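In our numbering, the protein residues as written are 4 to 413.
Glycine residues also receive a C-beta, built at the ideal position from the N, C-alpha and C atoms.
A quick note: this is a predicted structure, and the numbers were derived from the prediction, not measured.
Here's the structure we're looking at; comments come further down.
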């Protein structure tokens, strides 16, 4: 009995010691965590206070800037840098020298870029952007002989190529320095330091030479002017949403209805045919890949040649039945500009009147491991398909067949 009692006593003592150690560990952990989170809270408090202080500096600089330049009183709407405040790298953003302050005066909103770490009277503003765009639209209409013009204008200011301003400031619009003003007429003077992009759509217009087009080339703007045969086609093109590889999808799909075109890129002002070509019964056009660095007019060099390569690719995969009812011969888009363009093929619906359009598809193949059949996009008089250079293709009728599962391996 004595031995058992002693053992129980020792066990109890050991258990008490373990509990004490655990309790001490918990207390130390709580103290450590409290200290850690207390430090984090203090650090966040200091960060928030500094951020608020810098915003107050930016506000004072912006309001003083517009009072000096325009003799107006304005109120602050927002601070651009606030979108970065709660990011994990907020400590990085708070070191930046500038902030974009959105102001409002008499219902007019505009931006002022000012320093936000120190008091400074200097900066940039896009106060005149609406006025500049209005004059630009007016001159665009005049250059199109007064015809209605639908424009998409984008300006992006360089701001003296100041490296600290890259990437995080809102530089959209026409920004001018504090000592620069817009006199209501000198478009070239205020746009020369902007990355200007213009897309203009008109109807039944010839884009003759004019001073505005020359000015765009001189300031290295990017501008495209499209004239459609009818307002119906123009409006339909505008309603098509989205971009594809830097191209307006509506322009791509409705290219056969564009009757005149002026292109201003890389300082070249060119009045030219839009570039829709003919191959047998179909039309086709190549559009530049906005992600490539190819010459602006590389797409003019794309051709479609005769070739039945697609048959061997489908035969290899025991899919020849999908080519058993061809509508066209076999073709291939030349591979030379494979990574530089995308091609649209336009096939007249008139030529498909003996086929159920639901059964019509464009079968293409690039190899035995890359192939598919594309359904048509119906655009007024044409069935439209998108292709890449290097792809062999033919139009087929797949009536009675199950949809082909595409294979897109490289």
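One or two residues paired with residue i in a DSSP bridge
i, result
"residue 347", "288, 389"
"residue 46", "None, per the DSSP bridge assignment."
"residue 319", "DSSP output for residue 319 lists no bridge partner at all."
"residue 86", "DSSP lists no partner for residue 86."
"residue 336", "307"
"residue 227", "202, 266"
"residue 103", "116"
"residue 98", "The partner list for residue 98 (beta bridge, DSSP) is empty, contrary to what the question assumes."
"residue 246", "251"
"residue 122", "Beta-bridge pairing links residue 122 to no other residue."
"residue 411", "373"
"residue 197", "160"
"residue 367", "375, 396"
"residue 272", "267"
"residue 29", "Beta-bridge pairing links residue 29 to no other residue."
"residue 380", "387"
"residue 153", "204"
Nonlocal neighbours in the same chain, by C-beta distance under 8 Å from residue i, ignoring five residues either side
i, result
"residue 297", "Residue confidence is low: residue 297 scores 49 on pLDDT, short of 50, so the model does not pin down where it sits. Its coordinate-derived value is still stated next. Closer than 8 Å at Cβ, skipping near neighbours: 291, 340, 343, 344."
"residue 3", "Summary: the structure shown does not reach residue 3, with the chain confined to residues 4 through 413, and so no result is reported for it."
"residue 384", "259, 351, 352, 353"
"residue 193", "131, 135, 177, 179, 183, 185"
"residue 312", "333, 335, 368, 395"
"residue 96", "84, 87, 88, 90, 171"
"residue 322", "374, 407"
"residue 142", "190, 215"
Member of the options whose CA lies at the smallest distance from the CA of residue i
i, options, result
"residue 73", "306, 80, 185", "185"
"residue 391", "366, 251, 356", "366"
"residue 281", "349, 265, 316", "349"
"residue 64", "268, 160, 101", "101"
"residue 251", "234, 204, 398", "204"
"residue 174", "190, 230, 103, 149", "103"
"residue 377", "397, 383, 370", "397"
"residue 319", "334, 371, 182, 326", "371"
"residue 60", "155, 121, 228, 400", "121"
"residue 382", "52, 68, 360", "360"
"residue 144", "229, 198, 304", "229"
"residue 149", "211, 191, 123", "211"
"residue 181", "253, 189, 124, 53", "124"
"residue 116", "68, 305, 75, 324", "68"
"residue 113", "208, 92, 66", "66"
"residue 220", "198, 246, 232, 268", "268"
"residue 231", "34, 105, 151", "151"
Exposure label - residue i; buried when at least 16 CB within 10 Å
i, result
"residue 110", "exposed"
"residue 206", "buried"
"residue 395", "buried"
"residue 411", "exposed"
"residue 187", "exposed"
"residue 128", "buried"
"residue 27", "exposed"
"residue 413", "exposed"
"residue 255", "buried"
"residue 160", "buried"
"residue 20", "exposed"
"residue 275", "exposed"
"residue 196", "buried"
"residue 49", "exposed"
"residue 126", "buried"
"residue 302", "buried"
"residue 494", "Coverage of the chain is limited to positions 4 through 413, which leaves residue 494 absent and any answer about it impossible."
"residue 30", "exposed"
"residue 208", "buried"
"residue 285", "buried"
"residue 307", "buried"
"residue 137", "exposed"
Nearest-angstrom Cβ-Cβ length linking residue i and residue j, presumed shorter than 8 Å
i, j, result
"residue 379", "residue 389", "Actually they are not in contact, since the Cβ atoms of residue 379 and residue 389 sit about 11 Å apart, beyond 8 Å."
"residue 337", "residue 326", "About 22 Å separates the two Cβ atoms, so there is no contact after all."
"residue 402", "residue 362", "4 Å"
"residue 287", "residue 346", "6 Å"
"residue 223", "residue 270", "5 Å"
"residue 119", "residue 57", "5 Å"
Same chain, Cβ closer than 6 Å to residue i, neighbours up to 5 away in sequence not counted
i, result
"residue 375", "409"
"residue 257", "236, 240"
"residue 132", "176, 177"
"residue 157", "200"
"residue 169", "For residue 169, the predicted structure reports a pLDDT of 49, less than 50, and the residue's modelled location is therefore unreliable. A value from the coordinates is still provided. Contacts found: none."
"residue 2", "Lying outside 4 to 413, the shown extent of the chain, residue 2 is not represented and no answer is given."
"residue 277", "261, 264"
"residue 234", "206"
Same chain, Cβ closer than 7 Å to residue i, neighbours up to 5 away in sequence not counted
i, result
"residue 107", "77, 78, 80"
"residue 266", "227, 273, 275"
"residue 400", "328, 330, 358, 362, 363"
"residue 393", "336, 338, 341, 369"
Check: residue i C-beta below 6 Å from any heavy atom of the ligand MG
i, result
"residue 175", "No copy of the ligand MG occurs in the structure displayed, which carries no ligand at all."
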